[in-house]
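Residue numbers (numbering that gives the first Met the number 0), protein chains in the order written: chain W, 0 to 280; chain H, 0 to 280. One structure is given below, encoded as structure tokens.
2 protein chains.
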Amino acid sequence: MTTSHALRLPSGPVDLSTLPTDATPGFDGDKEEGEQALLEMGAELAELQERLFAERTTGSSRNVLLVLQGMDTSGKGGVLRHTVGLVDPQGVRITSFKAPTEEEKRHDFLWRIRAALPGPGYIGVFDRSHYEDVLVVRVHGLAEPAEIERRYDAINAFEAELVESGSTLVKCMLHISAAEQKERLLARLDDPTKYWKFNPRDVDERAQWPAYRTAYETALERTSTAAAPWHVIPSDKKWFRNLAVGGLLLEALRGLDLRWPEADFDVAEQQRRLADEAPVG
Amino acid sequence: MTTSHALRLPSGPVDLSTLPTDATPGFDGDKEEGEQALLEMGAELAELQERLFAERTTGSSRNVLLVLQGMDTSGKGGVLRHTVGLVDPQGVRITSFKAPTEEEKRHDFLWRIRAALPGPGYIGVFDRSHYEDVLVVRVHGLAEPAEIERRYDAINAFEAELVESGSTLVKCMLHISAAEQKERLLARLDDPTKYWKFNPRDVDERAQWPAYRTAYETALERTSTAAAPWHVIPSDKKWFRNLAVGGLLLEALRGLDLRWPEADFDVAEQQRRLADEAPVG
Chain W
0 MTTSHALRLP SGPVDLSTLP TDATPGFDGD KEEGEQALLE MGAELAELQE RLFAERTTGS
60 SRNVLLVLQG MDTSGKGGVL RHTVGLVDPQ GVRITSFKAP TEEEKRHDFL WRIRAALPGP
120 GYIGVFDRSH YEDVLVVRVH GLAEPAEIER RYDAINAFEA ELVESGSTLV KCMLHISAAE
180 QKERLLARLD DPTKYWKFNP RDVDERAQWP AYRTAYETAL ERTSTAAAPW HVIPSDKKWF
240 RNLAVGGLLL EALRGLDLRW PEADFDVAEQ QRRLADEAPV G
Chain H
0 MTTSHALRLP SGPVDLSTLP TDATPGFDGD KEEGEQALLE MGAELAELQE RLFAERTTGS
60 SRNVLLVLQG MDTSGKGGVL RHTVGLVDPQ GVRITSFKAP TEEEKRHDFL WRIRAALPGP
120 GYIGVFDRSH YEDVLVVRVH GLAEPAEIER RYDAINAFEA ELVESGSTLV KCMLHISAAE
180 QKERLLARLD DPTKYWKFNP RDVDERAQWP AYRTAYETAL ERTSTAAAPW HVIPSDKKWF
240 RNLAVGGLLL EALRGLDLRW PEADFDVAEQ QRRLADEAPV G
């Protein structure tokens with residue numbers, strides 16, 4: 000199945016126009032097979048997530064942070080529903096980052112991000128993230144160029160610190176074509192159950208597509224590190240996008256070599272206590 | 000399927016020994032049929048949850064708060080996984096309340112509860128809750144009797160305020176027998192993948208079973224209000240417990256008469272804008 004090898008961004012300059020939006024690297028099957036493959040991944044994903052959750056009882060600080068970035072309609076919500084939805088919601092912490100509040104604006108851009116980091120044992124998911132602070136902020140000139148320049152390094156230092164303290168980062172850019180976005184916006188306009196997802200500003204933003212592409216290219220190039228590499232997920236096919244992120248999450252969890260915690264008590268003694276107890280109830 | 004009618008706590012004095020732990024009120028089928036019925040509920044639960052999530056974009060403040068209480072091993076985690084796990088995790092906020100921190104202890108008992116309330120459009124789930132402050136606190140004498148007495152009224156005022164401000168509360172006490180708890184603790188000791196869920200203190204706590212029963216009876220009697228009634232879920236059968244909570248959640252969502260939001264823009268105009276736009280990308 001899809002491995003990080005096929006999706007990991009190579010180092011060096013990034014040209015998104017050369018990276019496919021509709022391919023299925025690492026997977027030979029069709030949509031039906033892809034959906035089936037994702038469901039089959041569910042049991043292992045769920046077990047490894049539970050082992051991670053269990054591990055926190057031993058004092059381990061390890062966790063996983065899935066960062067989802069992409070243009071409007073690229074499918075961050077779909078990944079949450081179909082991929083993240085495969086594991087026990089008890090062990091997941093999802094944060095959707097919107098435009099910063101007035102209070103958030105008074106702090107460094109990483110302030111609200113730190114507050115949303117997953118605790119030990121959790122899979123944290125960022126639906127948008129600190130990357131918005133070098134993407135929409137850059138496209139709309141919401142910060143000075145020198146400040147944006149500073150942020151790439153600040154992000155790398157921040158993510159290195161997270162990895163050092165026990166986080167495994169899985170950074171995914173959901174890559175769609177402008178034509179696919181147009182189809183998806185039109186589909187929302189064709190379906191009254193999807194009107195609520197549509198905002199006329201989404202159409203305005205399409206005029207900024209080249210500026211976003213440039214901003215993404217710079218961000219990907221500057222912040223894809225050995226400790227926290229970027230993956231660019233061809234996302235015109237929704238089923239492949241869900242499967243690919245699932246594969247990356249699974250690979251990250253497998254890489255942690257998670258074991259069920261040993262008992263920190265005498266099992267036989269506790270069995271005896273229960274067997275010998277006075278009547279209860 | 001299971002209706003709140005069959006599970007809702009009647010008003011008046013509560014005697015938990017008369018309420019079944021292993022019955023399946025409102026459902027005639029067996030385990031296999033019960034598990035199937037829960038899965039079949041999934042599509043409607045997921046759609047209504049999405050409608051609730053969509054509604055928040057209209058400025059509505061409505062949300063749902065599922066409160067799960069029960070003795071150790073009663074299955075709060077199982078409900079989270081099997082029932083809450085049926086809906087999009089994006090629209091769910093789960094909070095597991097542990098023993099209060101030093102900071103939390105310096106505040107009123109409802110302080111940390113308020114901080115965890117679901118926002119508009121969300122299904123909040125409390126795995127344990129403010130009820131611990133009249134349960135474990137009472138059993139272990141962690142507060143003065145007068146303070147505990149005050150808390151029943153404080154809880155009713157708090158919950159009335161929540162309902163007034165747009166919350167629908169679904170309060171479930173997962174009711175198991177002492178014998179069933181013993182089986183479940185022994186099962187954990189028989190399975191190395193479950194050692195992490197076991198704590199020798201759980202065995203000590205069994206000696207307090209009658210005190211917990213009394214504390215639950217008082218809490219249920221004093222805080223089952225018309226605005227926020229309690230439901231006592233027979234929970235010796237895990238499949239019925241999951242199904243019953245699902246049924247209550249479904250009934251709560253149905254009761255909100257949720258509609259997809261109308262478009263707050265001119266649909267045809269936006270279609271034209273996309274059709275007529277200059278080439279993008």
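Glycine is no exception: its CB is placed at the ideal position from the N, C-alpha and C atoms.
Give the C-beta separation of residue i and residue j to the nearest angstrom, bearing in mind that I take them to be a contact with Cβ-Cβ under 8 Å.
| i | j | result |
| --- | --- | --- |
| residue 273 of chain W | residue 184 of chain H | 6 Å |
| residue 15 of chain H | residue 75 of chain H | Incorrect: roughly 17 Å between the Cβ atoms, too far for contact. |
| residue 79 of chain W | residue 124 of chain W | 7 Å |
| residue 205 of chain W | residue 77 of chain W | Their Cβ separation, rounded to whole angstroms, is 20 Å, which puts residue 205 of chain W and residue 77 of chain W out of contact at 8 Å. |
| residue 22 of chain W | residue 233 of chain W | 5 Å |
| residue 90 of chain W | residue 118 of chain W | So it is not a contact: roughly 10 Å between Cβ atoms. |
| residue 63 of chain H | residue 167 of chain H | 5 Å |
By how many angstroms is the C-alpha of residue j removed from the C-alpha of residue i?
| i | j | result |
| --- | --- | --- |
| residue 177 of chain H | residue 229 of chain H | 21 Å |
| residue 7 of chain W | residue 231 of chain W | 7 Å |
| residue 258 of chain W | residue 60 of chain W | 14 Å |
| residue 112 of chain H | residue 154 of chain H | 11 Å |
| residue 30 of chain W | residue 96 of chain W | 30 Å |
| residue 104 of chain H | residue 86 of chain W | 33 Å |
| residue 36 of chain H | residue 213 of chain W | 50 Å |
| residue 128 of chain W | residue 144 of chain H | 47 Å |
| residue 82 of chain W | residue 44 of chain W | 9 Å |
| residue 58 of chain H | residue 198 of chain W | 15 Å |
| residue 152 of chain H | residue 73 of chain H | 26 Å |
| residue 279 of chain H | residue 20 of chain W | 15 Å |
| residue 102 of chain H | residue 109 of chain H | 13 Å |
| residue 210 of chain H | residue 98 of chain H | 19 Å |
| residue 100 of chain H | residue 135 of chain H | 15 Å |
| residue 203 of chain H | residue 246 of chain H | 34 Å |
| residue 34 of chain W | residue 182 of chain W | 22 Å |
| residue 9 of chain H | residue 186 of chain W | 49 Å |
| residue 193 of chain W | residue 150 of chain W | 35 Å |
| residue 266 of chain W | residue 276 of chain W | 16 Å |
| residue 32 of chain H | residue 256 of chain H | 28 Å |
| residue 107 of chain H | residue 156 of chain H | 14 Å |
| residue 254 of chain W | residue 191 of chain H | 22 Å |
| residue 262 of chain W | residue 169 of chain W | 31 Å |
Apart from the five residues on each side of it in sequence, which residues of its chain come closer than 6 Å, Cβ to Cβ, to residue i?
| i | result |
| --- | --- |
| residue 24 of chain H | 5 |
| residue 71 of chain H | 201 |
| residue 252 of chain W | 47 |
| residue 147 of chain W | 133, 137 |
| residue 55 of chain H | 119, 120 |
| residue 92 of chain H | 117, 121, 123 |
| residue 171 of chain H | 67, 230, 232, 244 |
| residue 208 of chain H | 177 |
Taking 7 Å as the limit between beta carbons, can you name the residues of its chain near residue i, skipping five residues before and five after?
| i | result |
| --- | --- |
| residue 226 of chain H | 158, 159, 162 |
| residue 53 of chain W | 259, 260 |
| residue 235 of chain W | 20, 21, 175, 176, 179 |
| residue 281 of chain W | Not covered by the structure: residue 281 of chain W. The range shown for chain W is 0 to 280. |
Around the Cβ of residue i, are there at least 16 other Cβ atoms within 10 angstroms (buried) or fewer (exposed)?
| i | result |
| --- | --- |
| residue 269 of chain H | buried |
| residue 195 of chain H | buried |
| residue 238 of chain H | buried |
| residue 248 of chain H | buried |
| residue 243 of chain W | buried |
| residue 188 of chain H | buried |
| residue 271 of chain W | exposed |
| residue 84 of chain W | buried |
| residue 88 of chain W | buried |
| residue 140 of chain H | exposed |
| residue 38 of chain W | exposed |
| residue 17 of chain H | exposed |
| residue 49 of chain H | buried |
Note down, in chain order, each residue of its chain lying with its Cβ closer than 8 Å to the Cβ of residue i, except the 5 sequence neighbours on either side.
| i | result |
| --- | --- |
| residue 130 of chain H | 66, 68, 154, 218, 222 |
| residue 94 of chain H | 115, 123, 124, 125, 126 |
| residue 220 of chain W | 11, 12, 13 |
| residue 164 of chain H | 60 |
Can you tell me whether residue i sits near the ligand MN, meaning its C-beta is under 8 Å from at least one heavy atom of the ligand?
| i | result |
| --- | --- |
| residue 280 of chain H | For the structure depicted, the ligand MN is absent and the ligand set is empty, with no information on it obtainable. |
query: What residues from the segment 34-61 of chain H come within 7 Å of chain W, judged by C-beta to C-beta, listed N to C?
result: Taking 7 Å as the Cβ-Cβ cut-off against chain W, the residues of the segment 34-61 of chain H that qualify are 53, 56.
message: Beta carbons nearer than 9 Å to chain W: which residues of the segment 241-264 of chain H have them?
response: The residues in question are 259, 260, 261, 262, 263, 264.
Residues of the segment 135-153 of chain H with Cβ closer than 9 Å to any Cβ of chain W, in chain order: Listed by position along the chain: nothing, the set is empty.
task: Could you name the residues of the segment 78-107 of chain W whose beta carbon sits closer than 8 Å to any beta carbon of chain H, in the order they occur along the chain?
output: Of all residues in the segment 78-107 of chain W, only 79, 80, 83, 84, 87, 88, 89, 91, 93, 95 place a beta-carbon less than 8 Å from a beta-carbon of chain H.
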